[in-house]
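Read through the structure below, which is laid out as structure tokens, and then see the notes.
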Amino acid sequence: MKTEYSTEGPILKVKFILENDDGKATSRGVSMVRDVLEIRLNDSLSASKIHPDHLALITLMSVHPFVREVLKMDLKVSSEFAEIVQKLCSYDVEFKSTKGKGYVPNSKSRPCLAFSGGVDSTAALMLMPKDTVCAWLDRPQLTERTLYNKSAANATMDFAEKSGFEVHKVYCDVEHLRNPVGFPVDLTSGMTAIAIASQRNIDSIAYGMVMESSYRTGHAKYREYPLSTHYKMWAPLFATAGIPLFLPVGGVSEVCTSIIVINSPFNGAARSCIRGEWPEPCNNCWKCFRKTLV
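Just add 2 to the spot in the sequence shown (first one is 1) and you have this note's numbering.
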């Protein structure tokens with residue numbers, strides 16, 4: 003697979019040129035059905051200023067499950083990032099150059115939360131510093147039929163902004179690269195946070211991943227997350243890119259995240275349901291079921 007990058011003001015486009023068996027259905031029946039990724043940053047930012055290491059990480063998060071033999075990126079990345087990528091990826095990765103300069107935030111840096119507006123994500127925000135930047139991946143509607151409703155997320159973003167947080171609503175169609183629609187890898191939800199990192203002096207990327215997801219409590223089998231294949235794959239990539247993973251609620255249960263939000267200024271302003279029209283939940287999806295139970 004080859005990649006071509008183009009920018010115009012705040013807009014980034016990545017063209018994926020598939021080769022051989024690239025993009026074919028994985029063992030989970032997920033296939034790549036589109037070959038162009040588009041990200042639209044806020045007008046105050048420039049897509050051309052996304053750090054090359056971060057752009058490479060964004061690329062990996064977009065197509066990692068669909069690359070079969072080699073991924074060629076037309077980017078000048080740092081030697082440190084290139085080295086860790088080659089070590090961790092099961093396929094070959096080639097860069098235009100590995101003589102780039104790595105990303106290092108300055109002393110006034112801040113964390114950035116991959117903010118969804120849901121309860122777990124909001125709980126993470128409540129545990130983070132007051133100067134935390136919020137980045138929401140705003141998925142466009144490119145198909146005729148969908149159950150997805152982002153009115154609740156929009157309402158929570160507006161509330162966060164009115165509460166004094168810096169909020170970036172970033173158009174990103176990465177979920178439409180695959181069929182069925184969804185994130186190529188679960189951490190892809192933080193892609194827009196990565197995209198703004200170098201221009202907003204970000205020092206880490208946070209997620210609202212709770213204990214049930216990280217350590218699999220409540221599942222059939224517990225896992226020690228720092229020793230998991232998932233963590234060993236992605237944590238070093240984030241760290242080497244100068245934006246290490248930050249999991250504020252990684253050791254907190256869903257019950258506790260609900261309690262945190264109920265006792266916060268966001269009580270009534272955060273909702274996990276992505277089907278009902280704000281302010282009402284649909285009361286028919288698995289998120290409503292889980293959050294109603296807790």
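We put the beta carbon where it would ideally sit given N, CA and C, even for glycine.
Taking K164 and W138 to be in contact with their CB atoms under 8 Å, please state how far apart those CB atoms are, rounded to whole angstroms. With 8 Å as the limit, K164 and W138 do not qualify as a contact, their Cβ atoms being about 15 Å apart.
Does the stretch 198-206 touch the stretch 46-64, meaning 3 or more C-beta pairs lie closer than 8 Å? Contact between the stretch 46-64 and the stretch 198-206 is established, with three or more Cβ pairs separated by less than 8 Å.
Name the one or two DSSP bridge partners that E40 has. E40 is bridged by DSSP to K15.
Considering only C-alpha positions, which residue in the set A272, S81 and P142 is nearest to V95? Residue nearest to V95 within the set A272, S81 and P142 is S81 (criterion: CA-CA distance).
Among A27, I60, G102 and E21, which has the Cα closest to the Cα of G192? Comparing Cα-Cα distances from G192 to each of A27, I60, G102 and E21, the minimum goes to I60.
Any idea what DSSP makes of F167, helix, strand or coil? Looking at F167 - three-state DSSP - the assignment turns out to be coil, as it is neither helix nor strand.
Which residue wins for smallest C-alpha separation from R218, given the options R147, V254, G184 and L90? Comparing Cα positions, the closest option is V254.
Contact between the stretch 204-224 and the stretch 114-124: three or more CB pairs below 8 Å? Remark: three or more beta-carbon pairs, one from each stretch, lie closer than 8 Å, so the stretch 204-224 and the stretch 114-124 are flagged as touching.
With DSSP as the reference, identify every bridge partner of R292, one or two as the case may be. R292 is not bridged to any residue.
For the beta strand (DSSP E) containing P113, list its first residue and its last residue. Per DSSP, P113 belongs to the beta strand (DSSP E) from R112 to A116.
State the beta-bridge partners of T5 as determined by DSSP. According to the DSSP secondary-structure assignment, T5 is paired through a beta bridge with F18 and M75.
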